[in-house]
Every structure is written in C-alpha cells, then in structure tokens.
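Here is the structure we will look at, set down as structure tokens.
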Amino acid sequence: RPTGSTPTVTGDLTDPASLHDAVDGVDAVVFTHGTHGGEPGVRDVDYGGVRNVLTAIGPRPVRIALMTAIGVTVRDGAYNRSTRAHDWKRRAERLVRASGHPYTIVRPGWFDYNDDDQRQLHFLQGDTRRAGNASDGVIARSQIADVLVASLTSPAADRKTFELVAERGPAQPDLEPLFAALRPDVGLDGPADVDNQPIASEPTQVRLDLERLTGIAQP
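Per my numbering, the sequence shown starts with residue 54, numbered consecutively.
The structure is reproduced here in structure tokens:
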C-alpha cells in the first residue's frame with residue numbers, strides 16, 4: 054500500500070488515454086493484472102492492458118516484469134477452450150518480447166496452494182506441466198511478488214521466461230543463481246515452448262499489434 058509521498062495514479066487498462074500519467078517517468082512496470090469470465094474480458098484486459106501500456110510508454114526503454122500463468126501454452130484444455138485465456142496471455146507475452154524493452158516473464162503455479170514448508174523456489178522452462186490443476190505446481194503469492202520485484206534489477210533475469218513453483222524446503226536467500234541458470238528467449242515464445250500457436254494463424258488485429266509494437270523501445 055502506498056505510504057507517505059508515494060503518488061497514486063488511477064488508470065484503466067482498457068482506456069489507453071488514462072495510462073499516460075501512470076507510466077510517465079517510470080523506469081519499471083510490473084504486470085500482475087487479470088480478469089475473470091469469458092474471452093472478451095481476457096482479450097481486453099490480459100492482452101489489451103499490456104498492449105495499451107506498451108503503447109503509452111512509447112520508445113523510452115522501461116524494465117518490465119510480466120506475470121502470466123503456468124500452462125499458458127496449453128490450448129486444448131477445458132479452461133482455454135471456454136475462455137481463450139491462455140491464448141490471450143501468450144499473445145501478451147509475445148508483445149513484451151517483441152517490444153525491445155528489457156523484461157522478465159514469470160508464469161506462476163497455483164496461488165497459495167502451497168503448504169507452509171513449500172518455500173524452495175524452482176524456475177522451470179518449456180511449460181511442460183499441463184494437468185490444469187494444482188499438481189502442476191504451487192507458489193505463495195508473497196513469493197511471486199518477491200521474484201517479480203527481484204527480476205527488475207537483475208541483469209541475469211533479462212529476457213528470460215520461466216514457470217515458477219515452490220517445492221518442500223526453505224526459500225533461497227539469493228535468486229541470482231536461479232535467474233542465471235535460465236535459458237534466454239530467442240524469439241517470440243519462451244525456450245522450448247510448444248509451437249502450437251503460429252503467428253500466421255493469429256487474428257488480424259493481433260498481427261497488426263505485434264507489427265506496430267515490435268522494436269518500439271529505442272536504446
């Protein structure tokens with residue numbers, strides 16, 4: 054919660070004009086947004102919010118931490134079939150990767166399903182846990198926040214995408230070795246992500262957004 058002289062700016066992720074004051078002069082953005090319900094909300098908030106913030110930031114390089122979800126590449130599950138949430142979150146990831154901004158993309162497991170002794174962090178890649186339930190991995194919200202914030206100042210976390218879960222054991226005091234062990238992104242998807250959402254088959258507006266925002270950040 055903001056205290057003291059910390060300014061609070063009200064904005065609406067679906068209203069680009071309301072976002073300029075929120076990002077004016079910032080050197081980092083942490084996305085933890087999301088919505089519930091059907092595809093229109095996910096499209097307009099989970100994806101559209103990222104697109105609109107990137108547009109509002111413009112060419113000035115800003116460090117970005119984007120939270121999406123474990124299983125984001127699973128397209129044939131019941132949840133994605135009914136909401137297309139994974140598809141739109143993955144499209145948001147691609148906008149961030151293409152933008153030219155320094156970034157980290159974190160795909161956490163199931164929030165707060167962890168036991169008290171499950172605090173040892175594991176960074177995974179390839180999005181291979183695909184059950185669609187808590188067996189895919191669990192993580193405390195507080196630890197998600199720790200990782201997102203730590204990524205903002207870590208050179209080793211730049212241009213990395215990973216799934217975040219906790220296993221039994223104590224939390225590590227230093228996240229740098231975990232960031233450093235990750236493979237960097239080399240394209241529009243994370244390392245070893247399944248190639249099941251080809252750009253050529255994406256909606257026209259998504260392809261136009263991607264074209265417009267590619268390389269928008271200028272060093």
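C-beta atoms are modelled at their ideal positions from N, C-alpha and C, and glycine is treated no differently. Nothing here was measured: the structure is a model prediction, and the numbers come from that model.
Start and end residues, alpha helix (DSSP H) containing residue i
| i | result |
| --- | --- |
| Gln171 | Unbroken run through Gln171: none, as it is neither H nor E. |
| Tyr132 | Ala131 to Thr136 |
| Thr108 | Gly101 to Ile110 |
Exposed unless 16 or more other CB atoms sit within 10 angstroms - verdict on residue i
| i | result |
| --- | --- |
| Thr63 | exposed |
| Arg221 | exposed |
| Ser195 | exposed |
| Gln171 | buried |
| Ala184 | exposed |
| Thr121 | buried |
| Asn105 | buried |
| Ser254 | exposed |
| Val149 | buried |
| His154 | buried |
| Gly101 | buried |
| Leu72 | buried |
| Leu263 | buried |
| Ala198 | exposed |
Among the options, nearest to residue i - alpha-carbon criterion
| i | options | result |
| --- | --- | --- |
| Ser207 | Phe164, Asp262 and Thr157 | Thr157 |
| Pro161 | His154, Asp180, Leu266 and Arg144 | Asp180 |
| Asp246 | Thr257, Phe164 and Glu146 | Glu146 |
| Val200 | Gly268, Asp68, Phe84 and Gly78 | Phe84 |
| Ala209 | Pro112, Arg116 and Gly90 | Arg116 |
| Val202 | Glu229, Asp189, Ala187 and Pro223 | Glu229 |
| Ala224 | Asp169, Ser152, Pro60 and Asp248 | Asp169 |
| Asp165 | Ser188, Ser152 and Gln258 | Ser188 |
| Ala279 | Gly91, Ile252 and Asp211 | Within the shown structure, residues of the chain are numbered from 54 to 272, placing residue 279 beyond reach of any answer. |
Own chain partners of residue i with C-beta closer than 8 Å, once the 5 adjacent residues on each side are dropped
| i | result |
| --- | --- |
| Asn167 | Val191, Ile192, Ala193 and Ala219 |
| Asp140 | Arg128, Asn133 and Gln250 |
| Gly7 | What is shown of the chain runs 54 to 272, which leaves residue 7 out entirely. |
Beta-carbon spacing of residue i, residue j below 8 Å
| i | j | result |
| --- | --- | --- |
| Leu241 | Lys213 | no |
| Leu266 | Leu107 | yes |
| Pro114 | Ala270 | yes |
| Leu231 | Leu177 | no |
| Val76 | Ala118 | no |
| Val279 | Leu205 | What is shown of the chain runs 54 to 272, which leaves residue 279 out entirely. |
| Arg126 | Arg137 | The residue asked about is misnamed: residue 126 is Thr in this sequence, not Arg. No; because the gap between Cβ atoms is not below 8 Å, this pair is not in contact. |
| His86 | Asp99 | yes |
Residue i, enclosing beta strand (DSSP E) - first and last residue
| i | result |
| --- | --- |
| Pro161 | Tyr156 to Pro161 |
| Thr257 | It is not in any beta strand (DSSP E) - Thr257 instead sits in the alpha helix (DSSP H) that spans Thr257 to Leu266. |
| Arg116 | Arg116 to Met120 |
| Leu217 | Lys213 to Glu220 |
Residues of its chain near residue i, where Cβ-Cβ distance is below 7 Å and the 5 sequence neighbours each way are ignored
| i | result |
| --- | --- |
| Ala233 | Ala209 |
| Asp97 | Thr67 |
Residues near residue i by beta carbon distance below 6 Å, same chain, minus five either side
| i | result |
| --- | --- |
| Gly243 | Thr214 |
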